[in-house]
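Chemist:
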């Protein structure tokens, strides 16, 4: 068949899909997101965030000052003679080229500032808020008169034929600015954001430009830029102006029609039944969001079908603990407890993407998936004793000495399987994202439905302050969840408004104990009664030990939201010291016993542990051992053959 004819058919297909999407009614969204700052952490989550703020989250700008303080948005904007920067990382074996190192600091510093802004405001940290205020003023001062707010000089901006970070550097910056605006309502910041987004839309005109055309070589920064739809969707949520969503659909259309090295979410690939996920995991999981936004804006049958297919593929690339695989590429593999690692960046991106899906679909199973990733894989990739995180981690973690459970990689020196407050030898990307994940999780723990329904979507200790019928209401969720499954929702309702309160019932709940009269619908408990000025709801969720199985029929032990693992004793080895108290850390096992599953295991939950009978692979004898919460382990065995 003539190649020109094939190209014509492809272009006609994409144009017909996306032209129709511009005229189709918006698919109804189930829930409404609340403004950042409406929900604040309490209990153990607040304590953990405070430790992070006094640890790597609050000090990353001091640990890697050259990266965070690089004035790449100001007087050090990139120009045609700019050279790749020395980021302090080991590049041996990297095949992606040097162009990405020019824009990389924008991602590092902007994602870190996004994390820092959200942490200090949720914790009401006065010194941190003053620091943020100074940063905001410095950033606003870099904006050009035409509204441009980015990292390129006039000779380069919007004029690329290769790898670049134009949209990506804006995305990471604007997300933090939007959080700051939502919590402060500063009109100068809002004006700056509007002008900056308008500048993008003017210079990349909708349906008559190609922002993602960048040749046929590696273009990871270009591909990251598809997440500019995060900014557009938030602008729509704030303004209700559908021009932002229409532009998001245009971006997804252009991304699908152009060459991309990170191509899992391209429409033709999704609709190809033989295609398997293969890209850099972070791209694959973050690109869920542009697809979700495009599918809901367009209400196109093709895009709704594509979303369904993509979500099924994502499930196969996620471990039983919620680990979003990619070490760093998915490489057509399915999730495996020992052989496939997951990047901390991917955990944040999956949580954020699932949260967007939850907001738009109202699907309770999606909320279960978010909790699984956050409470298991993400907590299990933190060092429980030091302020640092793993760049890459596996479910079964038998050593953390740089490589994946001792695997040799001949083409590159692997150092990602360790704990660090920065991971500068690889890339300072996972630590900023580790600072973002908890604020993003907390932000999505409550949503609204209609005018008077408040929905507890993600269960955690928090306090909600919002309005119902233009009257203020405050609800504090008092709980030690997920380590305990009892809840008190303490309600302060000074104007005696009459909200309907919906509380998600996790899929693992066997029984609900409460004095409330309630109904159940689509995985949510609905309480519709008159609430007093001071009132409360008490709930207890009952469950048993549950054994889940992965694709290789290996067994995992759950109780409630948590998965439990056999902790492996290890020796701590200190590496690079960034500052006093901030080290790279590796862990060498001091025991190498593995265990196998037996049917009559007598698994029993008691005092925060699961006691279970397993077979010692070395002695072949049965042993009674204790499993502890996955998130409290460093080296561990969590799946049992």
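Numbering (the numbering used here), first residue to last: 6 to 646.
By construction, the Cβ of each residue, glycine as well, lies at the ideal position given by its N, Cα and C atoms.
1) Can you tell me the Cβ-Cβ gap for residue 117 and residue 170, rounded? I've got them flagged as a contact below 8 Å.
2) For residue 195, which option in 219, 240, 164 has the closest C-alpha, if you only look at C-alpha atoms?
3) Would you mind stating whether residue 44 and residue 305 have Cβ atoms separated by less than 7 Å?
4) What's the call for residue 626, buried or exposed, on a 16-neighbour Cβ count within 10 Å?
5) Considering only their Cβ atoms, is the gap separating residue 374 from residue 328 smaller than 7 Å?
6) Would you kindly report the start and end of the unbroken beta strand (DSSP E) that includes residue 508?
7) What residue range is occupied by the uninterrupted alpha helix (DSSP H) comprising residue 110?
8) Alpha carbon to alpha carbon, how far is residue 562 from residue 568? Give it in angstroms, no decimals.
9) In chain order, which continuous runs of the alpha helix (DSSP H) of length 4 or greater are located wholly inside the region 356-425?
10) Determine, using beta carbons only, whether residue 407 and residue 422 come nearer to each other than 7 Å.
11) Would you report the Cα separation of residue 173 and residue 76, rounded to the nearest angstrom?
12) If you run the structure through DSSP and keep just helix, strand and coil, what is residue 208?
13) Let me confirm a value: residue 143 is counted as buried when at least 16 other C-beta atoms fall within 10 Å, else exposed. Which label applies?
14) State buried or exposed for residue 262, treating a residue as buried only when at least 16 other CB atoms are found within 10 Å of its CB.
15) Could you check what DSSP says for residue 163 in three-state terms: helix, strand or coil?
16) What residue range is occupied by the uninterrupted beta strand (DSSP E) comprising residue 615?
17) Looking at the unbroken alpha helix (DSSP H) that takes in residue 262, where does it start and where does it end?
18) May I have a chain-ordered list of the alpha helix (DSSP H) segments no shorter than 4 residues that lie completely inside the region 310-345?
19) Decide yes or no for the touch test of the region 433-441 against the region 79-86: beta carbon pairs closer than 8 Å, at least 3 of them.
20) Within 10 angstroms of the Cβ of residue 119, are there 16 or more other Cβ atoms? Answer buried if so, exposed if not.
21) Between the region 473-487 and the region 44-57, do at least 3 Cβ pairs fall closer than 8 Å?
22) Strictly by DSSP, which residues pair up with residue 591?
23) Can you tell me whether DSSP reads residue 472 as helix, strand or coil?
24) Which word fits residue 285, buried or exposed, when buried means at least 16 other C-beta atoms lie within 10 angstroms of its C-beta?
25) Distance check for residue 640 and residue 596, CA to CA, integer angstroms please.
26) Which of the three DSSP states is assigned to residue 136 in this structure?
27) Buried or exposed for residue 582, going by 16 or more other Cβ atoms inside 10 Å?
28) Who are the Cβ neighbours of residue 389 in its own chain at under 8 Å, not counting the five residues just before and after it?
29) Please identify the residue among 606, 621, 299 whose C-alpha is closest to the C-alpha of residue 615.
30) Buried or exposed: residue 584, going by 16 or more other Cβ atoms within 10 Å of its Cβ?
31) Nearest by alpha-carbon distance to residue 332: which of 551, 68, 420 is it?
32) Just reading off the beta strand (DSSP E) that residue 629 is part of, what are its end residues?
33) Starting from residue 545, trace the beta strand (DSSP E) both ways and give me its first and last residue.
34) If you check the beta carbons only, do residue 490 and residue 565 fall under 7 Å apart?
35) Since residue 442 is in the alpha helix (DSSP H), which residue starts that stretch and which ends it?
36) Could you spell out where the alpha helix (DSSP H) holding residue 299 opens and where it closes?
Modeler: Taking the definition as stated:
1) Contact flag wrong, Cβ pair sits at about 16 Å.
2) By alpha-carbon distance to residue 195, the top candidate from 219, 240, 164 is 240.
3) Going by C-beta atoms, residue 44 is not nearer than 7 Å to residue 305.
4) Here residue 626 is exposed: its Cβ has fewer than 16 other Cβ atoms, across all protein chains shown, within 10 Å.
5) Going by C-beta atoms, residue 328 is not nearer than 7 Å to residue 374.
6) For residue 508, the enclosing beta strand (DSSP E) covers residues 505-509.
7) In the DSSP assignment, residue 110 falls within the alpha helix (DSSP H) that extends over 105-127.
8) Each residue's Cα considered, the two are about 6 Å apart.
9) Listed in chain order, the complete alpha helix (DSSP H) runs (minimum 4 residues) inside the region 356-425 are 369-377.
10) Cβ distance < 7 Å, so residue 407 and residue 422 count as in contact.
11) Approximately 16 Å, taken between the alpha carbons.
12) In the structure shown, residue 208 sits in a helix (DSSP, three-state: H, G or I).
13) By the 16-neighbour rule on beta-carbons within 10 angstroms, residue 143 is exposed.
14) It counts as buried.
15) It is coil, neither helix nor strand.
16) Run containing residue 615: 614-621, per the beta strand (DSSP E) assignment.
17) Run containing residue 262: 248-262, per the alpha helix (DSSP H) assignment.
18) Here no run is fully enclosed.
19) No, because fewer than three Cβ pairs between the region 433-441 and the region 79-86 fall closer than 8 Å, the two stretches do not touch.
20) When all chains shown are included, residue 119 counts as buried.
21) Look at the beta carbons and you see the region 473-487 touching the region 44-57: at least three pairs across the two are nearer than 8 Å.
22) Checking the DSSP bridge columns, you'll see residue 591 partnered with 578.
23) In this structure, residue 472 counts as strand in the three-state DSSP scheme.
24) Result: buried.
25) Going from the Cα of residue 596 to the Cα of residue 640 covers about 10 Å.
26) Three-state result, residue 136: helix.
27) It counts as exposed.
28) Counting only Cβ-Cβ distances below 8 Å, and skipping sequence neighbours, we find 636, 637, 638, 639.
29) Taking only the C-alpha atoms, the option nearest residue 615 is 606.
30) Counting Cβ neighbours within 10 Å, residue 584 comes out exposed, since fewer than 16 surround it.
31) In terms of Cα proximity to residue 332, the closest of 551, 68, 420 is 420.
32) Run containing residue 629: 627-634, per the beta strand (DSSP E) assignment.
33) Residue range 539-547 is occupied by the beta strand (DSSP E) that includes residue 545.
34) Yes, these two residues count as a Cβ contact at 7 Å.
35) Note, residue 442: alpha helix (DSSP H), 435-448.
36) Here the alpha helix (DSSP H) through residue 299 covers 293-303.
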